[in-house]
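Engineer: Here this note's numbering runs 11 ahead of the position in the sequence shown, where the first position is 1.
Quick one: structure below, then a few questions.
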Amino acid sequence: MIHHFLLFTLLALTMGCADKKAQTSTNNSVKTSDISAYQGTASITQGIASTQAEAIYSCDRGRKTNIGKITSTDQKEWVVPAETNYLNSEFPFASDLFNSCEGMNYKNAEEALSYYDNSSIIAVDPDGEVFTAYIFADNYFEMYVNGIPVGKDKVPFTQFNSSIVKFKAKKPFTIAMKLVDWEEHLGVGCEANRGKPFHAGDAGMVAVIKDSENNIIATTDENWKAQTFYTAPILDLSCVSEEGGYRYSKNCSTEGGQDGSSYYALHWELPTDWMKTNFDDSNWPNATTFSNREIGVNNKPAYTNFTSVFDASEKDAKFIWSTNVVLDNEVLVRYTIK
C-alpha cells in the first residue's frame with residue numbers, strides 16, 4: 012500500500028510539473044499566423060538568420076554590425092539586413108559631417124566643410140556644377156546620382172553620425188538612395204531596447220542639397236518616392252497588405268518580446284536598375300514624412316549641431332521613410348532635381 016501511495020504521489024508531482032512547464036511555455040510563446048494567411052508578393056522567412064560576417068565596423072559604445080543570410084519558404088536566399096556596398100572599396104565613402112566613432116565631432120557645418128578634401132568630389136558630369144548633400148540617416152545610406160555612386164555611410168549602425176556628399180553634375184539629375192535600418196538580431200529586424208531583447212528598431216533619413224552658391228535646391232519631403240523591400244518583425248502575417256505599389260504593415264504589432272525565433276520577415280527583390288535615371292518609379296508610393304520628435308533626434312549631436320542646415324528657416328527638411336518607419340528595414344528612395 013505504501014508503495015502504491017508513493018507511486019501515485021510521484022506521478023501526481025510529475026504531471027503537475029509538466030502542466031506548469033507547458034503553461035510557462037504557452038505564456039512566453041509568440042502568437043504567429045500560418046504562412047497561408049499571407050496573400051502578398053513578398054518572400055517569407057521565419058526566425059534568425061545565420062551570421063556570415065561579424066563586426067564589419069567597430070565603434071566604441073556602438074552596436075555590433077553583422078551581416079547574415081537566410082532562406083525563404085520559396086527557397087530564395089536573402090542577405091540581411093540588406094545587400095550593401097559597405098565592403099566594396101570601389102563605392103566611395105561619404106565625408107564626415109559628424110562622426111564621434113572617429114573623433115570628428117564638428118560643432119557646425121562650416122567647421123566640417125573646412126576639413127573637406129575636394130579630391131573626394133565625384134564627377135557625375137565633369138563639366139557640371141558642384142552640389143553638396145548633407146545627410147543624417149538612421150542607420151545607413153548609399154547614394155547615387157544618375158546611377159553613379161557618390162557616397163556611402165561610414166557608420167552602418169551606431170553611434171549616430173551624419174555625412175557630407177559632394178558631386179559635380181548637370182541639372183536635371185536624379186538622386187537615388189538605399190536606406191537600411193540595421194539590426195542586432197539578423198533576419199527579424201530587432202535589437203535590444205526598452206527591456207526587451209527583441210525590439211523593433213526605428214529608422215529615418217533627412218537630406219538637404221545645396222548648389223555651389225550655398226542655396227538650398229532640394230530637401231527631403233513628401234515629393235520623394237519611397238518603396239520598402241524588407242519588413243520585420245512580423246508576428247502575424249495577416250496584419251500586412253498590399254494595394255497597388257503600396258506595401259502596408261501599419262496594422263502590425265511593434266511591441267517585440269523576449270524570443271524572436273518565430274518572428275516572420277518579408278523580402279522583395281530589388282529592381283536591378285532602381286538607381287538609374289530612366290527607372291520608372293511611377294508606381295512607388297510617395298515618401299512618408301516624420302517630425303524630429305517622431306524620429307527622436309533631439310539628443311543626437313550628429314543632428315542637433317546642424318539644425319541650421321536641416322531645419323533652415325527658408326526650407327525645413329523633413330525626415331522621410333516608407334509607410335512604416337519602425338518595421339520597414341530596407342527602403343529605396345528617389346528624387347529628380349530639375
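From the three backbone atoms N, C-alpha and C, an ideal C-beta is built for every residue, glycine too.
Opposite V219 in the DSSP bridges: which residues?
Structural biologist: Taking the first residue of the sequence shown as 1, we reach residue 219 at position 208. Answer is Y145 and T230.
Engineer: Using 8 Å for Cβ pairs, my map puts G267 next to A211. What's the rounded Cβ distance?
Structural biologist: The residue given as residue 267 occupies position 256 in the sequence shown. The residue given as residue 211 occupies position 200 in the sequence shown. About 6 Å separates the two Cβ atoms, so the contact holds.
Engineer: Which of helix, strand or coil does DSSP assign to A48?
Structural biologist: Within the sequence shown, the letter at position 37 stands for residue 48. Helix at A48.
Engineer: Out of curiosity, what's the CA-to-CA distance linking V342 and D284?
Structural biologist: Against the sequence shown, residue 342 aligns to sequence position 331. Against the sequence shown, residue 284 aligns to sequence position 273. Straight-line Cα distance between these residues: approximately 15 Å.
Engineer: Among the residues of its own chain, which have a CB less than 7 Å from the CB of P183, if the five just before and after it don't count?
Structural biologist: Indexing the sequence shown from 1 puts residue 183 at position 172. Excluding sequence neighbours, P183 sits near T347, I348 and K349.
Engineer: Looking at the strands, I want to know which residues DSSP matches up with Q238.
Structural biologist: Numbered from 1 along the sequence shown, position 227 holds the residue referred to as residue 238. Paired residues: L343.
Engineer: Looking at I55: is its Cβ nearer than 9 Å to the Cβ of S83?
Structural biologist: For the purposes of this step, residue 55 is identified with residue 44 of the sequence shown, where counting begins at 1. For the purposes of this step, residue 83 is identified with residue 72 of the sequence shown, where counting begins at 1. It is a contact, given that the beta carbons lie within the stated cut-off.
Engineer: Do the segment 78 to 96 and the segment 143 to 162 touch if we need at least three Cβ pairs shorter than 8 Å?
Structural biologist: yes
Engineer: Going by beta carbon distance, what residues of the same chain come within less than 8 Å of E233, once the five residues before and after it are set aside?
Structural biologist: Sequence index remark: in the sequence shown, residue 233 carries index 222 (1-based). So the list reads N297, A298, T299, T300, K329 and I331, once near-sequence residues are dropped.
Engineer: By how many angstroms is the C-alpha of I306 removed from the C-alpha of L281?
Structural biologist: Start at 1 with the first residue of the sequence shown, and residue 281 comes out as number 270. Start at 1 with the first residue of the sequence shown, and residue 306 comes out as number 295. Cα to Cα, the separation comes out at about 26 Å.
Engineer: Let me know the secondary structure DSSP gives C250 once reduced to three states.
Structural biologist: Here residue 250 refers to the residue found at position 239 when the sequence shown is read from its first residue. DSSP places C250 in helix when its eight states are reduced to three.
Engineer: Suppose the cutoff is 6 Å on Cβ atoms and the five residues either side in sequence are ignored; what does the same chain contact list for S260 look like?
Structural biologist: In the sequence shown, the residue the question calls residue 260 occupies position 249. Cβ within range, chain order: T242, V251, N335 and L338.
Engineer: How many angstroms separate the CA atom of N226 from the CA atom of V141?
Structural biologist: Working through the sequence shown from its first residue, we reach residue 226 at position 215. Working through the sequence shown from its first residue, we reach residue 141 at position 130. Whole-angstrom Cα-Cα distance: 12 Å.
Engineer: I need the straight-line Cα distance from S273 to E202, nearest angstrom please.
Structural biologist: Sequence index remark: in the sequence shown, residue 273 carries index 262 (1-based). Sequence index remark: in the sequence shown, residue 202 carries index 191 (1-based). Cα to Cα, the separation comes out at about 15 Å.
Engineer: Put K329 into one of helix, strand or coil per three-state DSSP.
Structural biologist: By one-based count along the sequence shown, residue 329 stands at place 318. Reduced to three states, the DSSP call for K329 is coil.
Engineer: Can you tell me the Cα-Cα spacing of G79 and G215, whole angstroms?
Structural biologist: In the sequence shown, residue 79 corresponds to position 68, counting from 1. In the sequence shown, residue 215 corresponds to position 204, counting from 1. Rounded to the nearest angstrom, the two C-alpha atoms are 22 Å apart.
Engineer: Under 6 Å Cβ to Cβ from M188, same chain only, skipping five residues before and after it: list those, please.
Structural biologist: Along the sequence shown, one-based indexing puts residue 188 at 177. The beta carbon of M188 sits closer than 6 Å to those of F152, M154 and V344, all from its chain and outside the five residues before and after it, given in chain order.
Engineer: Over the uninterrupted beta strand (DSSP E) stretch that includes T82, give me the two end residues.
Structural biologist: Translated into positions along the sequence shown, residue 82 becomes position 71. I78 to T82 is the span of the beta strand (DSSP E), which, as asked, contains T82.
Engineer: Just mark S174 as buried or exposed, buried being the case when its beta carbon has 16 or more other beta carbons within 10 Å.
Structural biologist: Position 163 of the sequence shown holds residue 174. With 16 or more Cβ atoms within 10 Å of its Cβ, S174 is classed as buried.
Engineer: Using 9 Å as the threshold, is the C-beta distance between G139 and K179 below it?
Structural biologist: Residue 139 sits at position 128 when you count from the first residue of the sequence shown. Residue 179 sits at position 168 when you count from the first residue of the sequence shown. With a cutoff of 9 Å on beta-carbon distance, G139 and K179 are scored as near each other.
Engineer: Thinking just about the alpha-carbon of each residue, which of A144, V91 and T288 is nearest to the one in F240?
Structural biologist: By 1-based counting over the sequence shown, the position of residue 240 is 229. Measuring from the Cα of F240, the nearest candidate turns out to be V91.
Engineer: Write down the C-beta distance between V191 and N150 rounded to the nearest angstrom, noting that I regard them as a contact closer than 8 Å.
Structural biologist: Taking the sequence shown and counting its residues from 1, one reaches residue 191 at position 180. Taking the sequence shown and counting its residues from 1, one reaches residue 150 at position 139. With a contact defined as Cβ atoms closer than 8 Å, V191 and N150 qualify at about 6 Å.
Engineer: Note the first and the last residue of the continuous beta strand (DSSP E) segment covering I159.
Structural biologist: Within the sequence shown, numbered from 1, the residue matching residue 159 stands at position 148. Residues I159 to K163.
Engineer: Can you tell me whether DSSP reads P208 as helix, strand or coil?
Structural biologist: One-based indexing of the sequence shown puts residue 208 at position 197. Correct three-state label for P208: strand.
Engineer: First and last residue of the alpha helix (DSSP H) that includes T315?
Structural biologist: Within the sequence shown, residue 315 is the residue found at index 304, counting from 1. For T315, the enclosing alpha helix (DSSP H) stretches over residues P312 to T315.
Engineer: T265: which of R205, S223 and F290 sits nearest, CA to CA?
Structural biologist: Indexing the sequence shown from 1 puts residue 265 at position 254. Checking every option, the nearest Cα to that of T265 belongs to R205.
Engineer: Give every residue of the same chain whose Cβ lies closer than 7 Å to the Cβ of K311, excluding the five residues on either side of it in the sequence, and list them in chain order.
Structural biologist: Here the question's residue 311 lines up with position 300 in the sequence shown. Closer than 7 Å at the Cβ level, and outside the excluded window around K311, lie F171.
Engineer: Rounding to the nearest angstrom, what Cα-Cα distance links D292 and V217 in this structure?
Structural biologist: What you label residue 292 is simply residue 281 of the sequence shown in a count that begins at 1. What you label residue 217 is simply residue 206 of the sequence shown in a count that begins at 1. In a straight line, the C-alpha of D292 is about 20 Å away from that of V217.
Engineer: Is it buried or exposed, Y126, if we count other Cβ atoms within 10 angstroms and call 16 or more buried?
Structural biologist: Here residue 126 refers to the residue found at position 115 when the sequence shown is read from its first residue. So Y126 counts as exposed.
Engineer: Checking the sheet assignment: what are the DSSP bridge partners for I348?
Structural biologist: Within the sequence shown, residue 348 is the residue found at index 337, counting from 1. In the DSSP output, where bridge partners are listed per residue, I348 has F184.
Engineer: If I measure Cβ to Cβ from S333 and keep anything under 6 Å in the same chain, skipping five residues before and after, which residues do I get?
Structural biologist: As a first step, residue 333 must be located in the sequence shown, where it is residue number 322. Only A237, T239, D339 and V342 meet the Cβ criterion.
Engineer: For L246 versus A48, is the C-beta spacing smaller than 9 Å?
Structural biologist: Stepping through the sequence shown from its first residue, residue 246 is reached at position 235. Stepping through the sequence shown from its first residue, residue 48 is reached at position 37. For L246 and A48, no; Cβs fall outside 9 Å.
Engineer: For the beta strand (DSSP E) holding R258, just list the boundary residues, first then last.
Structural biologist: Here the question's residue 258 lines up with position 247 in the sequence shown. Looking at the DSSP string, the run of the beta strand (DSSP E) that includes R258 is Y257 to Y259.
Engineer: So, using beta-carbon positions, are T230 and K165 closer together than 9 Å?
Structural biologist: Against the sequence shown, residue 230 aligns to sequence position 219. Against the sequence shown, residue 165 aligns to sequence position 154. The answer is no: Cβ separation not under 9 Å.
Engineer: Would you call the CB atoms of V308 and Y145 closer than 9 Å?
Structural biologist: Residue numbering aside, residue 308 sits at position 297 when the sequence shown is read from its first letter. Residue numbering aside, residue 145 sits at position 134 when the sequence shown is read from its first letter. Contact: no.
Engineer: For N7, does the count of other Cβ atoms within 10 angstroms reach 16, so buried, or fall short, so exposed?
Structural biologist: An answer regarding residue 7 cannot be provided, because it is not within the stretch 12 to 349 covered by the chain.
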